[in-house]
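In my numbering, the protein residues as written are 6 to 483. One structure below.
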């Protein structure tokens, strides 16, 4: 009975001739390769296994991050050759040992990451994990501390160099701060600073702070650098001396006092002179003149501009080969009563002004220029702002004299000496906001020379700390 049951079971599971030979139900045979595809499952054709090495995942197959992108690294376990690895539609770099990596961008919130590997048999394996990403999308806060900035109002600076300081703060950390594309130094507490050179006119200032996630905050303001502010950074001070009333050996003069008083008036009324000190006639003693020079030495600052005008007698002592001013109280022809050009020159070098211009309308005044001509910055009419800035930047000690080592005329026109008449005419008729000493001199020199026997001189005074700059007159706005 047992034998009969076994025999019946064997006959039931025995394949038909069509199944064994690969024939179709109609009796036709299948090609051999098609039979293998349907029936064979050779070793190595299982799906590739993907092992994620980076990022580190928790038990829920998740990782929490706070960044804009991630590097996914892993390894493929498969007996066949791996032909491609794709991560969220990004082709990964596949190494010889079946390791792979790719950089994948992340968005804020939940990011599903799918890794797909395909082997040479065309079989695909995949691994899926999630990144919970909290991306910092907020830019740093920027506070400008220096200069003091008010929204919509231009900051005015007189100096050529300015410092921009402030704070850039961000919870994720500040990567860098740039001011006008110049990288600023940034401390651990977010304080930054940078030095900038300013040009004439408007200087747009752009401050950019970038955090670790490349969020950028931009703040802008404008620093205005006006030529007038640069030139008038210090005071304009004048000392004007005029003497007519000589006695004793020295004959009285006719025009010196009128020359001095009108020079003082025009400097106060038409030009930017904050202080004009005068010594007229009996005020202009030797002692008073020296004491006023001493006062200037103590009260003039390195930013100030000083003009000294002297109209009176001058003397030249051949035995000593020196020239002198003759003060009001000089009664004799003795140098004991005079002020030597050497003394004046000493004060020109000692008074700590930015620019000093000495104008003397006296005989033998040119003796102040002992030592020959000096170098000066060439005049450039094509770029006046740059020229004025350059000549103002460098200190100067200049003198304009009514003549050389010679006698000059007291008489002239309209109760002025010929020299001061044309000097005043040039100052009055000047149509420009700015006029330097050389422009003034060139405006009236020819007229003096053509109408007298004297030749005015403009030159730097040697050994008085002149560096080639130029005294600049600034006309008042009407």
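Don't be surprised by glycine CBs; every beta carbon is placed ideally from N, CA and C. Note that the coordinates shown come from a computational prediction; the quantities given were computed from them, not determined experimentally.
Residue i burial status per 10 Å Cβ neighbour count (16 or more: buried)
i	result
residue 297	buried
residue 300	exposed
residue 477	buried
residue 407	buried
residue 258	buried
residue 76	exposed
residue 422	buried
residue 38	In this prediction, residue 38 has a pLDDT of 36, which is less than 50 and means its spatial position is unreliable; nothing more can be read from the coordinates.
residue 267	buried
residue 176	exposed
residue 481	exposed
residue 143	exposed
residue 247	buried
residue 450	buried
residue 437	exposed
residue 154	buried
residue 319	buried
Cβ shell of residue i (< 6 Å), same chain only, five flanking positions each side left out
i	result
residue 290	332, 333 and 334
residue 65	none
residue 102	none
residue 272	243, 278 and 281
residue 199	169, 184, 187 and 189
residue 78	58, 59 and 106
residue 269	245, 281 and 283
residue 460	454
residue 445	431
Beta-bridge partners of residue i, as assigned by DSSP
i	result
residue 247	285 and 316
residue 476	Partner(s): none; residue 476 has no beta bridge.
residue 255	DSSP lists no partner for residue 255.
residue 99	105
residue 464	404
residue 78	59 and 106
residue 135	67 and 117
residue 366	316
residue 438	BP columns for residue 438 are empty, so no partner.
residue 147	173
residue 161	229
residue 242	280 and 311
residue 322	327
residue 399	Bridge partners of residue 399: none, in fact.
residue 167	201
residue 188	183
Contact belief for residue i with residue j at Cβ below 8 Å, rounded distance in angstroms
i	j	result
residue 463	residue 405	5 Å
residue 359	residue 309	6 Å
residue 355	residue 401	The Cβ separation is near 15 Å, so there is no contact.
residue 345	residue 329	5 Å
residue 341	residue 261	At roughly 22 Å, the Cβ-Cβ gap does not stay under 8 Å, so residue 341 and residue 261 are not in contact.
residue 209	residue 223	Rounded, the Cβ-Cβ distance is 12 Å, inconsistent with contact.
residue 311	residue 305	6 Å
residue 439	residue 466	About 23 Å separates the two Cβ atoms, so there is no contact after all.
residue 131	residue 81	Not quite, the Cβ-Cβ distance comes to about 11 Å (not below 8 Å), so this is no contact.
Same chain, Cβ closer than 8 Å to residue i, neighbours up to 5 away in sequence not counted
i	result
residue 337	253 and 254
residue 129	52, 53, 121, 122 and 123
residue 70	60, 111, 136, 137, 138 and 139
residue 286	247, 248, 249, 250, 262 and 333
residue 98	105, 106 and 107
residue 160	152, 153, 154, 226, 227, 228 and 229
Start-to-end residues for the beta strand (DSSP E) that takes in residue i
i	result
residue 348	From DSSP, residue 348 is part of no beta strand (DSSP E) but of the alpha helix (DSSP H) over 346 to 355.
residue 59	54 to 59
residue 198	196 to 202
residue 419	No beta strand (DSSP E) contains residue 419, which DSSP labels as neither H nor E.
residue 226	221 to 230
residue 71	Note, residue 71: premise wrong, no beta strand (DSSP E); not H, not E.
residue 214	206 to 216
residue 328	327 to 330
residue 111	Where residue 111 is concerned, there is no enclosing beta strand (DSSP E), given that its DSSP letter is neither H nor E.
residue 51	Premise fails: residue 51 is in no beta strand (DSSP E) and is neither H nor E.
residue 183	179 to 184
residue 89	87 to 92
N-terminal and C-terminal residue of the alpha helix (DSSP H) that residue i is part of
i	result
residue 451	442 to 455
residue 291	291 to 304
residue 261	261 to 275
residue 423	423 to 434
Cut-off 7 Å between Cβ atoms - residues of its own chain near residue i, not counting five sequence neighbours on either side
i	result
residue 202	165 and 166
residue 469	350, 353, 354 and 402
residue 174	145, 146 and 195
residue 293	284
residue 264	247, 316, 366, 421, 422 and 425
Any non-hydrogen atom of the ligand PLP closer than 7 Å to residue i Cβ
i	result
residue 366	With respect to small molecules bound, the structure shown includes none, and the ligand PLP cannot be examined in it.
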